[in-house]
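In my numbering, the protein residues as written are 40 to 119. Written below as structure tokens is the structure these notes are about.
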Amino acid sequence: MIAGVGLLSYVFVHALLVGAPISLPIAGCGVIFLTSAFMLVCSGALGELVYNLGDMRDHEFARLTQTLRMRPAHVETQAP
40 MIAGVGLLSY VFVHALLVGA PISLPIAGCG VIFLTSAFML VCSGALGELV YNLGDMRDHE
100 FARLTQTLRM RPAHVETQAP
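Next comes the structure, spelled out in structure tokens:
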């Protein structure tokens, strides 16, 4: 993330102060670094969520499916 922010800030500061055109390869690398850092953070958060919730044991899963089966079926009828 630091590399992505550093590269993008370098490109924009260089473009503003020197007046040179924006270097697309350097800016592209910055965007790729930021995107990959975001994806890594999100996958880590998802992994922590799965780890903290734990796994469902068989009796919990059976209770869940039994609860779903006891719900009345919703049947839509059309008027003739």
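Beta carbons are placed, not taken as given, at the ideal position from N, Cα and C, and that holds for glycine.
- Under the three-state reduction of DSSP, S82 is assigned to helix.
- L92 counts as exposed, since fewer than 16 other beta carbons sit within 10 angstroms of its beta carbon.
- Under the three-state reduction of DSSP output, I61 falls in the coil class, being neither helix nor strand.
- Each of V57, A59, L56, I65 was checked against the Cα of G45, and the nearest Cα belongs to I65.
- By the C-beta criterion, the region 78-90 is judged not to be in contact with the region 46-58, since fewer than 3 inter-stretch pairs fall below 8 angstroms.
- Take the alpha-carbon of G58 and the one of V50: they are about 11 angstroms apart.
- If you draw a straight line from the Cα of G67 to the Cα of G43, it comes to about 9 angstroms.
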